[in-house]
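Data first, discussion second: the structure below is written as structure tokens.
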Amino acid sequence: LQLIGVLRWAIELGRLDIFIEVSLLSQYQANPRVGHLDALYHIFVYLRGHPNMGRIAYDHKEPKVDYRAFNETADWTSFYGDVEEELPPKMPEPLG
11 LQLIGVLRWA IELGRLDIFI EVSLLSQYQA NPRVGHLDAL YHIFVYLRGH PNMGRIAYDH
71 KEPKVDYRAF NETADWTSFY GDVEEELPPK MPEPLG
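Sequential numbering of the sequence shown, starting at 11, is according to this note's numbering.
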């Protein structure tokens, strides 16, 4: 059912309040029974009635990063030496 996919996408976007219910209904995708479609509709009714609940995973604010901790001009040749990456034999030339 595509409805399960829609609900799983909602979980990926942060609606963790329906995670267990959707996971339980996902196991019946191959052989759904009479009440499973009604249970799916019930979850959609819940989502419509509670549009802002359960969004705990997404934080739109940017974290504060101390960029002084990063050294972009570091020279690692003293640590790694003159090392080159090993490429597999008969590897095609990169297109880009």
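Built from N, CA and C at the ideal position, the CB exists for glycine as well.
Fair warning: this is a prediction, and the values are worked out from it, not measured in the lab.
query	result
Does F89 have its Cβ less than 8 Å from a Cβ in chain B?	Among the protein chains of the structure shown there is no chain B, as only one such chain exists.
Could you tell me the distance, in whole angstroms, from the CA atom of I53 to the CA atom of K71?	29 Å
With 16 as the cutoff for other CB atoms within 10 Å, does V55 come out buried or exposed?	exposed
Consult DSSP for L40 and reduce its assignment to one of helix, strand or coil.	Note on residue identity: the sequence assigns Ala, not Leu, to residue 40. A40: coil per DSSP, three-state reduction.
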